[in-house]
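A.B. asks: Dropping the structure in here first, questions after.
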Amino acid sequence: MDKAKSQRAGAKSWLTRSENALKTVITRSAAEFDAAPATSKKKLEIALRDFDARLAAYDAAQQTVEELLKEEEMEAEITATGAYRDGVMETRCEAEVALDQYAQAMAPPNPSLPSVAELLIELLGQVYGETP
Numbered sequence: 043m044d045k046a047k048s049q050r051a052g053a054k055s056w057l058t059r060s061e062n063a064l065k066t067v068i069t070r071s072a073a074e075f076d077a078a079p080a081t082s083k084k085k086l087e088i089a090l091r092d093f094d095a096r097l098a099a100y101d102a103a104q105q106t107v108e109e110l111l112k113e114e115e116m117e118a119e120i121t122a123t124g125a126y127r128d129g130v131m132e133t134r135c136e137a138e139v140a141l142d143q144y145a146q147a148m149a150p151p152n153p154s155l156p157s158v159a160e161l162l163i164e165l166l167g168q169v170y171g172e173t174p
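Written as structure tokens, this is what we have:
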């Protein structure tokens, strides 16, 4: 049990480091996005992949600990570790939201939608009774 808890502690430390790095990338990417959107997006994707790998390692270590617990210890253990996991998942969610925002900002305009100029020409034609 001590070995399993030690492995989980190591995995938790790595996950915490990865979460902190992800938070830093989220903040920096948002500040740098206008200057280099593709680079900002890529940095966030890379940090998120690292985070996901660390989260998987932590979950595996946690599962090993849970397999060694007595039934009466299980709920307290899950409650305690669940609170930590919920916190890091909040950061992951923030990263996903940022990626979605980057994807929207970088997406080419929808060619099926009329441009502002086309709408203005149509409106002026209606006002003055002319068709373009």
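Sequential numbering of the sequence shown, starting at 43, is according to the numbering used here. Where is the CB? At the ideal position from N, CA and C, for every residue including glycine.
Tell me the DSSP secondary structure of phenylalanine 75 in three-state form.
C.D. replies: In the sequence shown, residue 75 corresponds to position 33, counting from 1. Look at phenylalanine 75 here: in three-state DSSP terms it is coil, with no helix or strand label.
A.B. asks: For the stretch 71 to 148, which segments carrying the alpha helix (DSSP H) assignment without a break, of at least 4 residues, lie completely within its bounds, in sequence order?
C.D. replies: 79 to 110, 113 to 148
A.B. asks: Compare the Cα-Cα distances from isoleucine 88 to each of Ser71, Gln104, Tyr100, Ala51 and report the closest residue.
C.D. replies: Walking along the sequence shown from the start, residue 88 turns up at place 46. The shortest Cα separation from isoleucine 88 among Ser71, Gln104, Tyr100, Ala51 belongs to Ser71.
A.B. asks: Roughly how many angstroms separate the alpha carbons of alanine 95 and valine 130, rounded to a whole number?
C.D. replies: By one-based count along the sequence shown, residue 95 stands at place 53. By one-based count along the sequence shown, residue 130 stands at place 88. Going from the Cα of alanine 95 to the Cα of valine 130 covers about 13 Å.
A.B. asks: Buried or exposed: which applies to glutamate 61, given that a residue is buried once 16 or more other Cβ atoms fall within 10 Å of its Cβ?
C.D. replies: Residue 61 sits at position 19 when you count from the first residue of the sequence shown. Buried.
A.B. asks: Could you check what DSSP says for glycine 171 in three-state terms: helix, strand or coil?
C.D. replies: For the purposes of this step, residue 171 is taken as residue 129 along the sequence shown, with counting starting at 1. Three-state result, glycine 171: coil.
A.B. asks: What does the alpha-carbon distance come out to for the pair glycine 124 and lysine 47?
C.D. replies: The residue labelled residue 124 in the question sits at position 82 within the sequence shown. The residue labelled residue 47 in the question sits at position 5 within the sequence shown. Each residue's Cα considered, the two are about 15 Å apart.
A.B. asks: Quick one: using the 10 Å Cβ neighbour count with 16 as the cut-off for buried, is alanine 137 buried or exposed?
C.D. replies: Position 95 of the sequence shown, counted from the first residue, corresponds to residue 137. With 16 or more Cβ atoms within 10 Å of its Cβ, alanine 137 is classed as buried.
A.B. asks: Which term fits glutamine 143, buried or exposed, when burial requires 16 or more other beta carbons within 10 angstroms of its beta carbon?
C.D. replies: Your numbering for residue 143 matches position 101 in the sequence shown. So glutamine 143 ends up on the exposed side.
A.B. asks: Short of 8 Å in beta carbon distance, which residues of its chain neighbour alanine 145, apart from the five on each side in sequence? Order them along the chain.
C.D. replies: For the purposes of this step, residue 145 is taken as residue 103 along the sequence shown, with counting starting at 1. Hits under 8 Å: Lys83.
A.B. asks: Quick one: what's got a C-beta closer than 8 Å to tryptophan 56's C-beta in the same chain, skipping five residues either side?
C.D. replies: Sequence index remark: in the sequence shown, residue 56 carries index 14 (1-based). So the qualifying residues of the chain are Arg96, Ala99, Tyr100.
A.B. asks: Taking 8 Å as the threshold (C-beta atoms), are alanine 122 and alanine 53 in contact?
C.D. replies: One-based indexing of the sequence shown puts residue 53 at position 11. One-based indexing of the sequence shown puts residue 122 at position 80. Contact flag unset, no.
A.B. asks: For a quick check, are the C-beta atoms of arginine 134 and phenylalanine 75 less than 8 Å apart?
C.D. replies: Locating residue 134 in the sequence shown gives position 92, where the first residue counts as 1. Locating residue 75 in the sequence shown gives position 33, where the first residue counts as 1. Cβ atoms of arginine 134 and phenylalanine 75: not closer than 8 Å.
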